[in-house]
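Reading the sequence shown from the start, the letters are residues 1 to 670 in full-length UniProt numbering.
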Amino acid sequence: MRALAAAATAVAAPTPARLRLRLPLAPRAPRSGHCRAAFPPRLLRSACSATTMGDETSTSASVAAQTQEPVEGAGSVKQQLSKLVVSSLSTTVPEVHVEPMVEVCTGKFGDYQCNNAMGLWSKIKGSGTSFKNPNAIGQAIAKNLPASDIIESTSVAGPGFVNIVLSNSWVAKRIQDMLVNGIGTWAPILPVKRAVIDFSSPNIAKEMHVGHLRSTIIGDTLSRMFEFSNVEVLRRNHVGDWGTQFGMLIEYLFEQFPNWKEIGGQAIGDLQIFYKASKHKFDNDEEFKERAQQAVVRLQGGEQKYREAWQKICEVSRSEFDLVYKRLNVELEEKGESFYNPYIPKVLEELNSKGLIKESEGARVIFIEGHQIPLIVVKRDGGFNYASTDLAALWYRLNVEKAEWIIYVTDVGQQQHFDMFFSAARMAGWLPDPKEKKLPKTSHVGFGLVLGSDGKRFRTRSTEVVRLVELLDEAKSRSKSELLQRLTENGKIVDWTDEELEKTSEAVGYGAVKYADLKNNRLTNYTFSFEQMLSDKGNTAVYLQYAHARICSIIRKSNKDVEELKMTGAISLNHPDERVLGLYLIRFAEVVEEACTNLLPNVLCEYLYNLSEMFTKFYTNCQVVGSAEETSRLLLCQATAVVMRQCFQLLGITPMKTTTDPNPKQNSLG
Numbered sequence: 001m002r003a004l005a006a007a008a009t010a011v012a013a014p015t016p017a018r019l020r021l022r023l024p025l026a027p028r029a030p031r032s033g034h035c036r037a038a039f040p041p042r043l044l045r046s047a048c049s050a051t052t053m054g055d056e057t058s059t060s061a062s063v064a065a066q067t068q069e070p071v072e073g074a075g076s077v078k079q080q081l082s083k084l085v086v087s088s089l090s091t092t093v094p095e096v097h098v099e100p101m102v103e104v105c106t107g108k109f110g111d112y113q114c115n116n117a118m119g120l121w122s123k124i125k126g127s128g129t130s131f132k133n134p135n136a137i138g139q140a141i142a143k144n145l146p147a148s149d150i151i152e153s154t155s156v157a158g159p160g161f162v163n164i165v166l167s168n169s170w171v172a173k174r175i176q177d178m179l180v181n182g183i184g185t186w187a188p189i190l191p192v193k194r195a196v197i198d199f200s201s202p203n204i205a206k207e208m209h210v211g212h213l214r215s216t217i218i219g220d221t222l223s224r225m226f227e228f229s230n231v232e233v234l235r236r237n238h239v240g241d242w243g244t245q246f247g248m249l250i251e252y253l254f255e256q257f258p259n260w261k262e263i264g265g266q267a268i269g270d271l272q273i274f275y276k277a278s279k280h281k282f283d284n285d286e287e288f289k290e291r292a293q294q295a296v297v298r299l300q301g302g303e304q305k306y307r308e309a310w311q312k313i314c315e316v317s318r319s320e321f322d323l324v325y326k327r328l329n330v331e332l333e334e335k336g337e338s339f340y341n342p343y344i345p346k347v348l349e350e351l352n353s354k355g356l357i358k359e360s361e362g363a364r365v366i367f368i369e370g371h372q373i374p375l376i377v378v379k380r381d382g383g384f385n386y387a388s389t390d391l392a393a394l395w396y397r398l399n400v401e402k403a404e405w406i407i408y409v410t411d412v413g414q415q416q417h418f419d420m421f422f423s424a425a426r427m428a429g430w431l432p433d434p435k436e437k438k439l440p441k442t443s444h445v446g447f448g449l450v451l452g453s454d455g456k457r458f459r460t461r462s463t464e465v466v467r468l469v470e471l472l473d474e475a476k477s478r479s480k481s482e483l484l485q486r487l488t489e490n491g492k493i494v495d496w497t498d499e500e501l502e503k504t505s506e507a508v509g510y511g512a513v514k515y516a517d518l519k520n521n522r523l524t525n526y527t528f529s530f531e532q533m534l535s536d537k538g539n540t541a542v543y544l545q546y547a548h549a550r551i552c553s554i555i556r557k558s559n560k561d562v563e564e565l566k567m568t569g570a571i572s573l574n575h576p577d578e579r580v581l582g583l584y585l586i587r588f589a590e591v592v593e594e595a596c597t598n599l600l601p602n603v604l605c606e607y608l609y610n611l612s613e614m615f616t617k618f619y620t621n622c623q624v625v626g627s628a629e630e631t632s633r634l635l636l637c638q639a640t641a642v643v644m645r646q647c648f649q650l651l652g653i654t655p656m657k658t659t660t661d662p663n664p665k666q667n668s669l670g
């Protein structure tokens, strides 16, 4: 609960220790009962091929890397082409400033397209310009492009669309350079250096459930993509660790277990049962309710006995959260409500001094233009709430942590709160007008519900929400059963150790849960189905795991040292399917850029699936092992595997150890 009694403002709550958590979470509970869902998983190393710089997945950027200036040729293909277009535009229409409009070309006349001509024509026609029409502007843009190894040729179509064909030799060199120097050289360049991503954030004394799944998975993937792009990411777990509910919990602990210090966490036991029992007594026992309310005052007043009990409850909760985080390999730094509590009075004082806070029906509020209800920052009883805590947290993130982009990952049902909260920050002068496109900025990453097969919110048969740890264990168990069956049928079970079986079952099971969520547009609801997510057909993590493993198998069966080939061989893109695959590989950076810019992980999932399909077509039409082009094509195989592994890493998925393809004869990858 975000509600705080006014007395709490006088006492600074202790700063929580840094938490290393791992798990996928859900939407914040309605702001009346805090629960921020989401958290980020950490890097998982590829398990295929030797590990050299070019074959490793890239993880979080180091501080040193974040301070380096971009090197020549850095950034996505689109970013590099945009630089050339900017130069051309300054020559073509020096009196007009416009942003370059470069997009992937879907037609057959080019690989990329510059679409500035029509917009420029609308700005300069009738002003005495020498250009007669948009096509003439397009011709000038094409002519004024600086000489570059990137571009093979250009052509102009219709009302000035400049089609750009990339040089095969440049594309091949870009791929080979990545293999030699590492996938990190393909990191896009984002306009921010430091970002806060606020996700997961469960409530203390409540177990994490399937409702937390989306926030955690989405938040972690966003964190990974930003980190890959050399942005310093402050992963924040804004847990609900302060508020009126703790009086109820502490008093129940004292009543039921007078010797709670001696027996420790055993006194609390199952968090769900403990919370429900204390809530039932609170609702039905007036004397207990009165003691619980007094316990809140004593806790917020800093009495040692109550602080110790509060800390024990938080400690037990964190150990429960960690069970989930470990399964999902997620890391977070906890800065809960109690951390920001001491900052609230000063923040409200600043807002009041700027004339933003008004009295309304006994509460203190901020009236937001366009909203019928005000943003309450101090309740009638003098207590603080979700909005006051969020304002204090935002102030801290802007002024102390110096974040340029603060991102909140919660359910779409909280959109109104964030609209009002962000508006209040702009009214205070903390944030610029979004139309100005300046930093710092804030974003709410909303997402839909996880549904059951009946189309309703996903629950157990007893109507209870599904505990996340149980759901993940079920995914692993089903994955292991499938794996054992396949290995037994193909006679390879003897080659696997128990540890390998466990790790692979976890990688496939947990990865399937993550991918099933991430492949959907986050704004939509999706139906949770083990059968669909663990299928080895279609756009699933399992299918992609097999696709990656088969590429590794192709390389392995060639009996060639790919590490040596990277240094001595060369890539050629003479066959049409070689070129299509090569072009799609080098689009990786701009896909990550788009996913970060629009905060849409599904863009990366779509790219990964399409890449696997393009590789299938390439492998079907281009013999690899034993062909005259074997070296080049093995390097294309290796590049595809490297990019797929980096996609897996960004999605928080661990690649499988080896191929266990259940239908090798039915798949063109063999």
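Note that CB positions come from ideal geometry on N, CA and C, so glycine has one too. The structure displayed is predicted, hence computed values, not measured ones.
Between which two residues does the alpha helix (DSSP H) harbouring residue i extend?
i: Asp517; result: 498-518
i: Trp395; result: 386-399
i: Glu103; result: That residue, Glu103, is in no alpha helix (DSSP H); its beta strand (DSSP E) goes 102-104.
i: Val85; result: 77-92
i: Phe246; result: 245-256
i: Lys557; result: 541-557
i: Lys279; result: 271-284
i: Pro134; result: 134-143
i: Glu95; result: Premise fails: Glu95 is in no alpha helix (DSSP H) and is neither H nor E.
i: Ser127; result: That residue, Ser127, is in no alpha helix (DSSP H); it is neither H nor E in DSSP.
i: Arg327; result: 304-328
Any idea which residues DSSP pairs residue i with across the strands?
i: Leu166; result: Ile151
i: Asn203; result: Gly240
i: His444; result: Tyr408
i: Leu234; result: Val196
i: Tyr526; result: Val450
What are the boundary residues of the beta strand (DSSP E) that includes residue i?
i: Asp198; result: 194-198
i: Cys647; result: Run containing Cys647: none in the beta strand (DSSP E); it sits in the alpha helix (DSSP H), 630-651.
i: Ile263; result: Careful: Ile263 lies outside any beta strand (DSSP E), inside the alpha helix (DSSP H) at 260-263.
i: Ile376; result: 375-378
Using the C-alpha atoms, what's the distance from residue j back to residue i?
i: Val643; j: Val77; result: 15 Å
i: Met656; j: Val508; result: 7 Å
i: Tyr546; j: Val513; result: 16 Å
i: Gln638; j: Ala74; result: 21 Å
i: Asn237; j: Ser82; result: 37 Å
i: Thr658; j: Lys305; result: Residue confidence for Thr658 is low, a pLDDT of 48 falling below 50, so the modelled location carries little weight and cannot support an answer.
i: residue 683; j: Leu604; result: This structure gives no information on residue 683, because the portion of the chain shown stretches from 1 to 670.
i: Ala292; j: Ala516; result: 43 Å
i: residue 685; j: Ala140; result: Lying outside 1 to 670, the shown extent of the chain, residue 685 is not represented and no answer is given.
i: Leu43; j: Gly652; result: Legend: pLDDT at Leu43 = 27, less than 50; position of this residue unreliable, no value from coordinates given.
i: Met427; j: Lys279; result: 39 Å
i: Trp496; j: Asn329; result: 23 Å
i: His371; j: Ala309; result: 41 Å
i: Pro345; j: Gly382; result: 12 Å
i: Lys480; j: Leu534; result: 11 Å
i: Glu286; j: Asn385; result: 24 Å
i: Glu578; j: Leu611; result: 12 Å
I need the DSSP call for residue i, collapsed to helix, strand or coil.
i: Arg587; result: coil
i: Glu334; result: strand
i: Trp186; result: helix
i: Ala157; result: strand
i: Ala363; result: strand
i: residue 694; result: Outside the displayed span of the chain (1 to 670) sits residue 694, for which this structure offers no information.
i: Ile344; result: helix
i: Leu669; result: Residue confidence is low: Leu669 scores 31 on pLDDT, short of 50, so the model does not pin down where it sits. Its coordinate-derived value is still stated next. DSSP places Leu669 in coil when its eight states are reduced to three.
i: Ile357; result: strand
i: Arg298; result: helix
i: His209; result: strand
For residue i, which option in the options has the closest C-alpha, if you only look at C-alpha atoms?
i: Leu650; options: Leu600, Glu613, Glu470, Ser155; result: Leu600
i: Ile571; options: Ser453, Ser169, Ser360, Gly491; result: Ser169
i: Asn521; options: Glu499, Leu431, Asp411, Ser388; result: Asp411
i: Glu531; options: Glu629, Thr620, Ser477, His548; result: Ser477
i: Pro159; options: Glu349, Glu232, Ser122, Gly126; result: Ser122
i: Asn144; options: Ser87, Lys437, Arg556, Trp395; result: Ser87
i: Ala337; options: Glu320, Asp198, Asp473; result: It should be pointed out that residue 337 corresponds to Glu in this sequence rather than to Ala. Ranking the options by Cα distance to Glu337, first place goes to Asp198.
i: Ser201; options: Leu487, Ile555, Asp322, Glu500; result: Asp322
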